[in-house]
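*Asks:*
Protein chains: 2
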Amino acid sequence: MTDALVVFTPSGKRGRFPVGTRLLEAARKLGVDIDSVCGGRALCGRCQVTVGEGSFAKHGIDSSAAHLNGFTATEERYRQRKGLVEGRRLSCQSLLEGDVVIDVPPESQVHKQVVRKRAEVREIALDPVTTLHFVEVQEPDMHDPRGDLERLLEALRTQWQLEGLSADLHVLQGLQKALRKGGWQVTAAVRDGRRIVSVWPGLVERIFGLAVDVGSTTIAAHLCDLGTGEVVASSGLMNPQIRFGEDLMSRVSYVMMNPGGEVEMTSAVREALATLAGEVAREAGIEPDLIMDAVLVGNPVMHHLLLGIDPTELGGAPFALALDSALDLRAADLGLDSAINRGAGVYVLPCIAGHVGADAAGVVLSETPYLRDEVSLVVDVGTNAEIVLGNKDKLLACSSPTGPAFEGAQISGGQRAAPGAIERVRIDKDTLEPRFKVIGCDLWSDDPGFAAATRKTGVTGICGSGIIEVLAEMFLCGIISKDGVIDGGMASRTPRIEPDGRTFSYLLRDGEPRIRITQTDVRAIQLAKAALYAGSKLLMDHFGVTHVDRVMLAGAFGSHIDTTYAMVLGLIPDCDLTKVQAAGNAAGTGARIALLNKAARREIESVVKRIQKIETAIEPNFQQHFVEAMAFPHKTADYVHLTKAVTLPAPKELAAEEGEGRRRRRRG
Amino acid sequence: MTDALVVFTPSGKRGRFPVGTRLLEAARKLGVDIDSVCGGRALCGRCQVTVGEGSFAKHGIDSSAAHLNGFTATEERYRQRKGLVEGRRLSCQSLLEGDVVIDVPPESQVHKQVVRKRAEVREIALDPVTTLHFVEVQEPDMHDPRGDLERLLEALRTQWQLEGLSADLHVLQGLQKALRKGGWQVTAAVRDGRRIVSVWPGLVERIFGLAVDVGSTTIAAHLCDLGTGEVVASSGLMNPQIRFGEDLMSRVSYVMMNPGGEVEMTSAVREALATLAGEVAREAGIEPDLIMDAVLVGNPVMHHLLLGIDPTELGGAPFALALDSALDLRAADLGLDSAINRGAGVYVLPCIAGHVGADAAGVVLSETPYLRDEVSLVVDVGTNAEIVLGNKDKLLACSSPTGPAFEGAQISGGQRAAPGAIERVRIDKDTLEPRFKVIGCDLWSDDPGFAAATRKTGVTGICGSGIIEVLAEMFLCGIISKDGVIDGGMASRTPRIEPDGRTFSYLLRDGEPRIRITQTDVRAIQLAKAALYAGSKLLMDHFGVTHVDRVMLAGAFGSHIDTTYAMVLGLIPDCDLTKVQAAGNAAGTGARIALLNKAARREIESVVKRIQKIETAIEPNFQQHFVEAMAFPHKTADYVHLTKAVTLPAPKELAAEEGEGRRRRRRG
């Protein structure tokens, strides 16, 4: 028998095989990355290839001799059943009949790249923890007294080279019926190449995974196809724990005052997860039983409550976490075994420190400061700001007590980002008249039709990004001094400056409700932004830099505030404005990366271990930076530079980086 | 600093260490097996040693120079608190001050031998899967932001050289409280050197394990101290599944007729396990929370029901097991997480084949035919007989359909072994008058006082061993012919031979109830014993022997029948009577071995894999052996030989080999 040369592109792997060898087999022997769920039975169609165009001569192949066997009846049946693009072949049905160049399209690769929206972020190779394996199992007979499991294991060994597997008890409980219902053909889901976690009768081609960011306010979930990496559905819910307290510390207090209260909160958040899983499955039109994996991120208090751990220790110094390592759990551990597949794994990202949680780890995994030469500052603002600074050589993290002012809490007209909340503000430098936009309406308040367009939502208050903008605009117009004092002298120029006890306020909106910016509001934002700035500065001191190369603003707040205004107010250290970016819901993106690529889990675990944790509370420099950062802007030079450079992008572009950032905000 | 020579006996290990070295440390460095739970803190007292007597010169030590530091105040406190035999030292408090010979008593060894009652069975080294480790954990502070788990892991690493551990979620849920309650001293239970499965505040010195034989009729449990191997409590319960059917096949039928019925049976048997765990814990005066391990054996139907697997497939050819491999589960998998420690492991021995279960694997582990040169026949009689034949070179197994006659079922006056059941019978050769004994009374029926002594129990029926004896005695007296026909001609000699339709019966007991042995009873026993014999013979054919060196009769029936009568009736192949032994509840003993020694688990798994399974139903020879074995005795030579050799041991000795055999029978 003669040999034929086969060259696979784009890998360039090549080898000689006897004429008649199946292409899929040749690919496996050469280590060419071709997908297959059905194991070469022309059922799943994952192994499609085309005969290479291009220059055959380049590969040393005489093009006149390049060939495979003819299109087979089996492929024709597949084509009629599922469709097959002209020119495509199933590599499991194609036999080598001469020298040939074979092109493996991206969608036929096992470890295909997952496309992400932001160009500057690295691509993720699809390599989920749970994989599907269709097998034909030997029927039992009186001469073969082995158990059904042992015959399944043999099939997985001989048909998929999977050795030494074990099986979950629930798999054993359903195994005999699955085998008989499937006519001794079943699809096994195998976790980490080690454990059989589900068995279905017949061929199952798609399984799914959930990436969930468990926030204090909202819980956001994405359902991903583990075979393509695609997000097939997304949904968000209010965190039902809100009834126990708006912010984290009030929930911790609830437990302190009501011992055992953590049990209620744990049930509440787990039920919300189950509800979300059901919602996204419905939206995607799939059985929840096909959800085989979940990855969770959350701040330390959410992390503990989700796991059923009393968060009391996080409520006081030294703020000891029960654990900071990542966790590999099973659906049943979190009571999710009837919401998703009983064999599903649940991975929880590691926490970084007592106030820097698994959500921050998710942000780090998404923004990868640890892979870069440049020094990145990554900031995720919630009730606390979680701050990470560093590059490939060193990483530092701290949390800074910003309080909830950036989320609209403790502000006189403040509210959470929701339809009706003022999110954009401009003040005319001459007239000192404001105009604004609210969430849910594309018009400005001085556009014709604004009143009609906002009839449904009304104008209900001002959210975090609105507060930043109004303060920055007030400052740029001279209504607020560098020290943060509302200038009563301006009352002569506009009736919007009103006396308010011994201080003054600025009337942003007359009507119902009347929305004013008071001196107290300015002070609250000053405290919050000083804390944020001081935390960043402290890390810069420890790192030994006076300047950062890149700033990433993560989270709902970060993705929605205008970075220019953030710098006007001095929320973040000086940086080239083109290098300041919103990262969207980077925590959720990190969860998605860990869901789609198992190596990413080991990567973030190892990165988190080497992050140096800085406790702001015991750092004398923190207090000093804090005091110095109360004024805005902290450096006049920046202010001058910025006011000249301001070219505001249209609001739509602001949150477009990652769809979920905006989506989450709308719900929350 | 000078070195001192230390020699440990009985191991003979020796080495030189600087003066001032702790004995326990020297022992560890030399690999001397000394126990410790507290890690050298003079709390647990497990590391006791004595200064060796004997000839110091033999070890090259000048006896005048042999010494340790003086008895310390710490040891004195330990002595006052817990007692310490004169001359004993705690090796964790003893410092080398010169050359010395140290004797490590057996109870101070980690891998101490567990004493078993039967001399010919190998000893078991104590080496349980779960071990205890007392540690002092670093308190958290603001400068050390690691989680409590990470500090516990560090303590286990530095104080016990345990690397790469993970922790169960329920451990994490209780960890912070345990650490604070214990003042940063806790005891961790570590499973298989890999997983932290429980953490208690302070020092915990004893944990326990359950060995359970889940029989069709009775469930028997032994509670063992995992630190000493000692059985500290035993208990038995009727299997509550009896309400779904007396024997196995009627329970399988119940499931077939009532789909989902397996769920009820699974709950019933799991609840019984939980009850038993509570009973033995109460009997031993310990918290059920200290039960950290369980090992289960049972026949295939019980095995499946216990695991929540529908046993329907076991009810018809090809009798496919869901699995035959051993299983390593957690308490929660079987709903035992509130009955014993949540972190307890549950090990289920492997099954051998569709009708040869994990109980048979337990018998094999206990009787170790695979370690011997001689050919052993191991028989466990229940509704089916499970038969294993072989030696260190080859092992064979089959099950044989004896039916329930040996258990007293389908016999006119038959009953299960219980107080009031006739268990011993003698018939006078001249008068043909019988005398008998019943369970619960040491007197024979013709002893004075028998009526008074049995007033409470009454005489209620005849159990398996009684049936064997009465048939053998009837045969020896000539009442039954070789073909199994009750001889009506004998009616002239005794009125106890009564006509019964076209056949005759023998009146064993007049009164209420009247207990007769009918021709049908004789036929039922003939069928049962022919099946048992034919199964054994079939394995002998396959092995290529015509004679076995040793016969072990396992199980309640096997431990109670008189082996001589068993051979008179031809239940088992010819064998030197001194080599025929009752093994007691060998299945339960096997479970206990697997509980106390983790290597035994790997051993039985590997042995079971190489057992050759013979399916009697498809072996033509089985039918032939069966037909030939109907007559009793099958060989006159045996009969002559045996009737001469009969010297009946007193009944008490019969079941004394293993206490549990008798115990179980009494309950069941």
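One line per chain: the protein sequences are A and B, in this order.
Positions 446 to 1113 (our numbering) are the ones given, in order, by the first sequence.
Positions 446 to 1113 (our numbering) are the ones given, in order, by the second sequence.
Where a beta carbon is used, it is the ideal one built from N, C-alpha and C, also for glycine.
Determine the direct distance from the alpha carbon of B/K1024 to that of B/T1081, and round the result to whole angstroms.
*Replies:* Because B/T1081 sits at a pLDDT of 42, beneath the cut-off of 50, its placement in the model cannot be relied upon, and the following sentence gives the value as read from the coordinates. Computed Cα separation, rounded: 20 Å.
*Asks:* Output yes or no for whether 8 Å exceeds the beta carbon distance between A/S481 and A/L468.
*Replies:* In this structure, A/L468 does not lie closer than 8 Å to A/S481 by Cβ.
*Asks:* Going along chain A in order, which residues have a C-beta closer than 7 Å to the C-beta of B/K1058?
*Replies:* Result: P590.
*Asks:* Comparing alpha-carbon positions, which option in A/T965, A/L750, A/T948 and A/P1065 lies nearest A/L718?
*Replies:* Residue A/L750 is the option with its Cα nearest to A/L718.
*Asks:* With DSSP run on the structure shown, which of helix, strand or coil describes B/G743?
*Replies:* Of the three classes helix, strand and coil, the one that applies to B/G743 here is strand, per DSSP.
*Asks:* Taking DSSP's pairing of strands, which residues face B/W645 in a bridge?
*Replies:* B/W645 pairs with B/T632.
*Asks:* A/K982 lies in the alpha helix (DSSP H); which residues open and close that run?
*Replies:* Residues Q964 to F988.
*Asks:* Would B/L601 count as contacting chain A if we go by Cβ distances under 8 Å?
*Replies:* For B/L601, the answer is no, since every Cβ of chain A falls outside 8 Å of its Cβ.
*Asks:* Could you list which residues in chain A have their beta carbon closer than 8 Å to that of B/P1065, in chain order?
*Replies:* Within 8 Å Cβ-Cβ: nothing; B/P1065 doesn't reach chain A, min ~13 Å.
*Asks:* Taking the alpha carbon of B/R880 as the reference point, which residue from B/A842, B/R954 and B/T711 has its own alpha carbon closest?
*Replies:* Comparing Cα-Cα distances from B/R880 to each of B/A842, B/R954 and B/T711, the minimum goes to B/R954.
*Asks:* In this structure, what does DSSP give as the bridge partners for B/G681?
*Replies:* BP columns for B/G681 point to B/A665.
*Asks:* Using a Cβ-Cβ distance under 8 Å, would B/G630 count as near chain A?
*Replies:* It should be noted that the sequence gives Gln, not Gly, for residue 630 of chain B. Not an interface residue.
*Asks:* Go through the region 707-780 of chain A residue by residue and report every complete run of the beta strand (DSSP E) that reaches 3 residues or more, in order.
*Replies:* Here the runs fully enclosed are 736-743 and 772-775.
*Asks:* Between A/A739 and A/V791, how many whole angstroms is the CB-CB distance? I'm expecting something under 8 Å.
*Replies:* That belief holds up - the Cβ atoms of A/A739 and A/V791 are roughly 5 Å apart, short of 8 Å.
*Asks:* For the putative contact between A/N1042 and A/I569, defined by C-beta atoms under 8 Å, what is the C-beta separation to the nearest angstrom?
*Replies:* About 5 Å; that satisfies the 8 Å criterion.
*Asks:* Given a threshold of 16 other Cβ atoms within 10 Å of its Cβ, counted over all protein chains shown, does A/V530 qualify as buried or as exposed?
*Replies:* Exposed, since its Cβ has fewer than 16 Cβ neighbours within 10 Å.
*Asks:* At a CB-CB cut-off below 7 Å, which residues of chain A make contact with B/I754?
*Replies:* In chain order: L617 and Q618.
*Asks:* Could you tell me which residues DSSP pairs with B/A798 in its beta bridges?
*Replies:* B/A798 is bridged to B/V801.
*Asks:* Between A/L766 and B/G592, how many whole angstroms is the CB-CB distance? I'm expecting something under 8 Å.
*Replies:* Contact holds; Cβ gap of about 4 Å.
*Asks:* For chain B, is any of its Cβ atoms less than 8 Å away from the one on A/E608?
*Replies:* Judged by the 8 Å Cβ criterion, A/E608 is not in contact with chain B.
*Asks:* Hey, out of A/I1006, A/E552 and A/G647, whose CA is closest to A/V580's CA?
*Replies:* Among A/I1006, A/E552 and A/G647, the Cα nearest to that of A/V580 belongs to A/G647.
*Asks:* Buried or exposed for B/Q964, going by 16 or more other Cβ atoms inside 10 Å?
*Replies:* With 16 or more other Cβ atoms within 10 Å, it is buried.
*Asks:* With three or more C-beta pairs closer than 8 Å as the rule, is the region 658-678 of chain B touching the region 810-825 of chain B?
*Replies:* Verdict: no, contact absent.
*Asks:* For A/E595, which residues in chain B fall below 9 Å Cβ to Cβ?
*Replies:* Simply L766, L768, D769 and S770.
*Asks:* Residues of chain B with a CB under 7 Å from the CB of A/M587: which are they?
*Replies:* By Cβ distance, chain B contributes A762, P763, E1060, A1062 and I1063.
*Asks:* Below 7 Å on C-beta distance, what does A/D782 contact in chain B?
*Replies:* Ordered by position in chain B, no residue passes the 7 Å Cβ test against A/D782, which lies about 11 Å from the chain.
*Asks:* Under a Cβ-count criterion, where at least 16 other Cβ atoms within 10 Å of its own Cβ denotes burial, should B/E1073 be classed as buried or exposed?
*Replies:* Flag for B/E1073 reads exposed.
*Asks:* For A/M694, count neighbouring Cβ atoms within 10 angstroms of its own Cβ and tell me buried if that reaches 16, exposed if not.
*Replies:* That one is buried.
*Asks:* Is it true that the region 1057-1066 of chain A meets the region 837-854 of chain A, where meeting means three or more beta-carbon pairs spaced less than 8 Å apart?
*Replies:* Because the criterion of three Cβ pairs below 8 Å is met, the region 1057-1066 of chain A and the region 837-854 of chain A touch.
*Asks:* Would you identify the three-state DSSP class for B/R591, choosing helix, strand or coil?
*Replies:* Here B/R591 sits in coil by DSSP.
*Asks:* Is A/R533 helix, strand or coil by DSSP?
*Replies:* DSSP places A/R533 in strand when its eight states are reduced to three.
*Asks:* Which runs of the alpha helix (DSSP H) fall wholly inside the region 1010-1052 of chain B and span at least 4 residues, in chain order?
*Replies:* Counting only runs of 4 or more, we get 1031-1041.
*Asks:* Identify which residue in B/R1037, B/A449 and B/T991 has its Cα closest to the Cα of B/I1017.
*Replies:* If we check each option's Cα against that of B/I1017, B/T991 comes out closest.
*Asks:* For the region 797-820 of chain A, enumerate the residues whose C-beta is nearer than 7 Å to any C-beta of chain B, in chain order.
*Replies:* Per Cβ criterion, the list reads A798 and G799.
*Asks:* Measuring straight from C-alpha to C-alpha, what distance separates A/E472 and A/R459?
*Replies:* Checking the displayed sequence, the identity of residue 472 of chain A turns out to be Ala instead of Glu. Answer to the nearest angstrom: the Cα atoms are 9 Å apart.
*Asks:* Give the interface partners of B/E758 over in chain A, defined as CB-CB distance under 9 Å, in chain order.
*Replies:* Near B/E758 (Cβ distances below 9 Å), the residues of chain A are P585, D593, Q621 and R625.
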